């Protein structure tokens, strides 16, 4: 495998405990010491976040164990979308490939090996543009890796050639989905509101970079390599994040062993996997399922979306 390991981009804000968790889980990977780490620390949005941001910055300045550590401390609040788009665009220009993480994730000990292996195996395959290492469907019978037209944002990687497909213009993406009558498929047969999420982004009701990345590759018929065993766990459903809500809905069990990467042929979407996602969203996004989750959140005092 290619020994030119992909740089790791870590985006942090005001959660010192979460930041420690993701860094410690990365350091448990044998390739950490051979990988460059780029940390992007956003500025406090207001004074209520100041002390937590300062604590995060104090911690990241002391991190050791990676090949090199580069820290960017913003002097104004950029927000996650602007931070990720700018950070990925900057680093990928030089390194040609990136692994991207946020501070609310925990990775398994073989996460970096899997991501680097996958980046190497598919580096010259233009129909594959994204690698995602988290599986929350927990569907029985999924292969270790598969191709699907969907880009998860919890522990992902891409190449410079693929990032060129990213269109930040949500209105243009939405118009094209509607013009080509693809919204039903984009929404996993109408079972999850990805189109609604994109529309809300165009209306300024969310600022999701991920939905625009998802739509960009979907419209260009570019696939993602996904996993049937999760190497990433989202630790952010504790109310501390800016986009929390869902809790156990997206629970995943970390796979603690090596996950081999083999070139999938032919390069086409795995329809068994797509159906697993359709079934998952049908089960978890039904009126009854959403009502039960809302009742549970109310009883816990959590009124998140």
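Numbering (full-length UniProt numbering), first residue to last: 1 to 305.
By construction, the Cβ of each residue, glycine as well, lies at the ideal position given by its N, Cα and C atoms.
Note that the coordinates shown come from a computational prediction; the quantities given were computed from them, not determined experimentally.
May I ask you to report which of helix, strand or coil DSSP gives residue i?
i           : result
residue 47  : helix
residue 224 : strand
residue 230 : coil
residue 123 : coil
residue 102 : strand
residue 24  : helix
residue 130 : strand
residue 114 : helix
residue 12  : strand
residue 314 : Lying before the first or after the last residue shown, residue 314 is absent from the chain, which here runs from 1 to 305.
residue 38  : strand
residue 137 : coil
residue 239 : Because residue 239 sits at a pLDDT of 44, beneath the cut-off of 50, its placement in the model cannot be relied upon, and the following sentence gives the value as read from the coordinates. In this structure, residue 239 counts as coil in the three-state DSSP scheme.
Cutting at 7 Å between CB atoms, please list the residues of its own chain near residue i, excluding the five before and the five after it.
i           : result
residue 114 : 133, 231, 259, 261
residue 192 : 281, 285
residue 200 : 206
residue 276 : 137, 139, 142
Using alpha carbons as the reference points, say which of the options lies closest to residue i.
i           : options           : result
residue 218 : 128, 285, 278     : 128
residue 137 : 228, 96, 188      : 228
residue 41  : 24, 17, 30, 80    : 80
residue 98  : 161, 53, 82       : 161
residue 59  : 93, 19, 36        : 19
residue 175 : 222, 39, 202, 188 : 202
residue 25  : 52, 49, 105, 71   : 105
residue 13  : 267, 53, 46       : 53
residue 141 : 270, 90, 224      : 270
residue 123 : 163, 144, 253     : 163
residue 90  : 109, 43, 38       : 38
residue 188 : 149, 170, 254     : 149
residue 254 : 263, 126, 109     : 109
residue 121 : 30, 267, 179      : 267
Between residue i and the rest of its own chain, which residues show a CB-CB distance below 6 Å, the 5 nearest in sequence each way excluded?
i           : result
residue 220 : 165
residue 96  : 160
residue 210 : 153
Quick one, are the C-beta atoms of residue i and residue j less than 8 Å apart?
i           : j           : result
residue 6   : residue 119 : yes
residue 10  : residue 22  : yes
residue 154 : residue 131 : no
residue 173 : residue 215 : yes
residue 177 : residue 158 : no
residue 394 : residue 151 : Limits of the chain in this structure are 1 at one end and 305 at the other, which puts residue 394 out of reach.
residue 88  : residue 107 : no
residue 235 : residue 273 : no
residue 222 : residue 145 : no
residue 67  : residue 35  : yes
So, at 8 Å on beta carbons, what are the nonlocal neighbours of residue i in its own chain, with the 5 sequence-adjacent residues on each side left out?
i          : result
residue 65 : 27, 32, 33
residue 61 : 71
Identify every run of the alpha helix (DSSP H) within the region 49-93, keeping only runs that are complete inside it and at least 4 residues long; order them along the chain.
-> Runs found: 50-60.
What are the uninterrupted segments assigned as beta strand (DSSP E) that are 3 or more residues long and contained completely in the region 148-203, given in chain order?
-> Taking only runs of at least 3 residues, the beta strand (DSSP E) segments lying wholly in the region 148-203 are 156-159.
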